[in-house]
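To keep things clear, I will list the structure first and then write my remarks on it.
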Amino acid sequence: MEVRSGAQGWAGAGRVAVLAALLLCLWCRAAAERVRYAIPEELAAGSLVGPLARDLGLSADELPARKLRIVAGDEKQYFTLEDDNRNLRVNDRIDRETICGAVSPCVLSLEAVVENPFDIFHVSVTIQDINDNAPQFDGEFVTIEMIESTPPGTRFPLGSGRDPDIGANSLQNYELTPNPLFSLLVRESPDGTKTRGTDANDNPPVFTKEIYTVRLMENLPEGSLAFQVKATDNDEGTNAEITYSFRKIAKNIRQLFTLDPSTGDVKVTGALDYEESKYYEIRSFIREHIQTNNNQRPGQRKCLRLHITITATDRGRPALRSSAELVLEVSDVNDNAPVFEEAAYSAYVAENNAAGALVLRVQARDADAGANGRVSYWLAGGSAGAAGAAPPVSVEARSGALYAQRSFDYERCREFAVAVRAQDGGAPARSSTATVRVFVLDRNDNAPRVLWPAAAAAAGEAAGAAASPFEVVPRSAEAGYLVAKVVAVDADAGRNAWLSYELVQASEPALFRVGLHSGEVRTARAVSERDAAKQRLVAVEALPELSERAAGAEAPAAELHFYLVLALALLSALFLLSVALAVLARLRRAGPPAVLRCLGAQRFSVAGAAFPADFCEGTLPYSYNLCVAAPARALPEAAWPPPPVPVLSAEELLSGDSCQKPSPNSGAETGEPPADPDAPQVCKASRSRYSH
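Read in order, the letters of the sequence shown correspond to residues -32 to -1, 1 to 660 in mature numbering (1 follows the signal peptide of the UniProt record, and there is no 0).
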């Protein structure tokens, strides 16, 4: 028995699961196709409604696999499917008046379900009215008592007839069988609108109030008493009988309210929706909005105000009437939840932001008014960080603005999501939730880190050579020989993590080069015997390309290079200026150059002693050469002829002193050779200045 009970339990659970899945599919299938048929009522069972399988695009070969079936929402199955071709046929009697009453059009809805793949189609069958009902009075017999002295023209009410059919099949008119004593006067049209009658009557009905003001809730159930109007008539008899009616009321107003013609009770027959914006037109009926914007800001008062004029008419001759104005104010109830503009929001915030920075502003609208439409925001549950940590953002209750609670770090958290709940101030409160996903954008805030050579080895370089990493390069290495590879990483992402490598310092910069992007250190040329046995690379830096940090780091270096070049240029200019000034000063002290003086001097030939040097003025000095000979082992052979003219020094020529004639012993000073042959021989050749 335990096994049997378990099987039954599993079977019941299976049926419940299948039913739940079917209902879920019926609710979620919002975009399915709709097939429409129209049939008259009262068709016999088995009558064809339509070829459902063909209209759904299913061929005869597909029918066994697709398993087409129909599901009706009503308990009574009005339709069925044929087994072979799956045509839709009538299963039971369909009476339009029983199913829909006075509602037109009368539509029966069902769902067509197929499998492999699973799909749902909506099928609508419109039931057309036929004239299958005869008009009827409330009673089969109407008894009227009158005295024989009743004057002609006296009226006796008969009551109205009823026909459940609609349209052309409904009640159209009234007829009286031919009778010479009576005639029929129709005071009420088939649609129930009262006509104006004339009667001898001198007192109109009077309402107890001129204006009736009633406040209704929009969720008032249908059939509820909204209010009651009351009128009195001072006449007697039939002239004092009062009938209440709306005055030229529109059809849509009739669907919302009904007026009891005898008691004056006004009842609600339709749904009063505060958020709808319908316009009702009637001669004495005005619909007035204090606020016409259905999406006004929360806290502003909004109500639906209806002005209705009700007329009370007596049955006297002539009929007198009195009117009263009814003001209906529909009060709002909290039947709408706040609705976000978007179901999911996305925000982008750069890392290293300031705490309190605005992240995003969400907004939800509530169609209700007053406190029911006043929306407040807060973070829903589950938005806090791990282990109950404070959430990364906060929300302002009134504006819906999200602010950062702390500075975000892209390397630690690249994105997170929070749930924001919007709740109105109604009772009970209604709320809705939206998801905000925040993406943290990367910034270049991390310097590259060299993995090899290790930073510890590089730091120990000052302590000793043994702490520095080294590589062995053969003497026969050609250009492009791989010496080492520098490996560096950057914690940033994207372009901020792109690295370039550069040799900062090397003992021989022309011998090595490093790959800009690979970090490979290679020989720039072949290693020669003249290169030192030990080459030292001081540092290899890894710099991120095209990043904010790289640009900021290169700016001081570029500025330093500029100032160094400028200082070198200034020093060079000062040096050249100093040299130029020194040359000019020297030239000024020495006078014009000999070359320039030679260009302006006149040359003459000198013959013997015909031109004695008996003057002291001179123009252009001739050049002279001094020759100093080293001591010789033997006396050189040289002849010293006596000069034909006296020899004057350049100082004597330039001093302007009076010239003296040569003395007889002056030849020993000038023409004779020195007594010591080993003494240095000085030979002076000079040219005197002469004036023509």
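We put the beta carbon where it would ideally sit given N, CA and C, even for glycine.
Paired residues, beta bridge with residue i - DSSP
i	result
Leu484	According to DSSP, Leu484 bridges with nothing at all.
Leu450	Arg490
Arg57	Leu16, Thr48
Asp203	According to DSSP, Asp203 bridges with nothing at all.
His90	Arg2, Glu79
Ala315	Val406
Ile38	Ala80
Thr118	BP columns for Thr118 are empty, so no partner.
Val386	Val404
Gly129	Phe105
Cys74	Ile95
Straight-line gap, residue i to residue j (C-alpha atoms, nearest Å)
i	j	result
Leu(-7)	Arg398	At Leu(-7) the pLDDT is 49, less than 50, meaning the model places this residue with poor confidence; the figure from the coordinates comes in the next sentence. Their backbone Cα atoms lie some 26 Å apart in a straight line.
Tyr378	Asn464	12 Å
Arg57	Pro173	59 Å
His529	Ala535	10 Å
Ser213	Pro229	6 Å
Pro132	Asp100	9 Å
Asn84	Ala33	7 Å
Gln373	Val330	17 Å
Glu143	Pro120	20 Å
Pro125	Leu152	10 Å
Gly368	Asp460	32 Å
Ala194	Ala136	33 Å
Leu588	Tyr531	Because Leu588 carries a pLDDT of 49, less than 50, the predicted location of this residue cannot be relied on, and the following value inherits that uncertainty. Taking the straight line joining both Cα atoms gives about 52 Å.
Leu288	Tyr180	21 Å
Val236	Thr277	16 Å
Ala452	Glu439	7 Å
Pro103	Asp52	44 Å
Glu488	Ser546	49 Å
Phe225	Gly341	28 Å
Gly483	Ser468	8 Å
Ser299	Leu149	56 Å
Ala447	Val441	12 Å
Asp42	Gly191	24 Å
Arg556	Phe543	20 Å
Pro8	Gly232	39 Å
Leu471	Ala558	55 Å
Ala339	Leu240	20 Å
Glu310	Gly393	21 Å
Lys502	Ala445	14 Å
Gly129	Met114	23 Å
Leu549	Val533	24 Å
Thr111	Thr145	17 Å
Leu227	Phe86	51 Å
Ala537	Val454	38 Å
Ala395	Leu188	17 Å
Distance cut-off 6 Å: residue i Cβ against heavy atoms of the ligand SAH
i	result
Glu319	Annotation note on the ligand SAH: not contained in the displayed structure, which lists no ligands.
Distance between beta carbons of residue j and residue i, contact taken as under 8 Å
i	j	result
Arg4	Ser92	5 Å
Val301	Glu178	Val301 to Glu178, Cβ: 30 Å. No contact.
Glu79	Ile38	7 Å
Asn304	Ala335	4 Å
Val386	Leu347	6 Å
residue 663	Val82	Nothing in the structure corresponds to residue 663, since the chain is present only between -32 and 660.
Arg283	Glu209	4 Å
Ala553	Leu505	Rounded, the Cβ-Cβ distance is 51 Å, inconsistent with contact.
Thr202	Asn171	Here residue 202 turns out to be Asn, not Thr, going by the sequence shown. Confirmed, Cβ separation roughly 4 Å.
Ala402	Ala312	7 Å
Glu10	Ile62	7 Å
Test item: CB-CB of residue i and residue j under 7 Å
i	j	result
Asp290	Phe175	Reading the sequence as shown, one finds Ser at residue 290 and not Asp. Yes.
Asn59	Gln45	yes
Ser400	Asn321	no
Val317	Val234	no
Leu450	Arg490	yes
Ala456	Pro421	no
Ala337	Pro306	no
Val406	Phe384	yes
Leu370	Val327	yes
Ala109	Leu24	A quick correction: the sequence has Phe, not Ala, at residue 109. In this structure, Leu24 does not lie closer than 7 Å to Phe109 by Cβ.
Thr281	Thr200	no
Ala315	Tyr345	no
Val363	Val388	yes
Q.
Could you check whether the segment 88 to 106 touches the segment 61 to 78, counting it as contact only if at least three pairs of C-beta atoms, one from each stretch, sit closer than 8 Å?
A. The segment 88 to 106 makes contact with the segment 61 to 78: 3 or more CB pairs, one atom from each, lie closer than 8 Å.
The segment 462 to 480 in contact with the segment 490 to 497 per 3-pair CB rule at 8 Å:
Yes, since at least three Cβ pairs between the segment 462 to 480 and the segment 490 to 497 fall closer than 8 Å, the two stretches touch.
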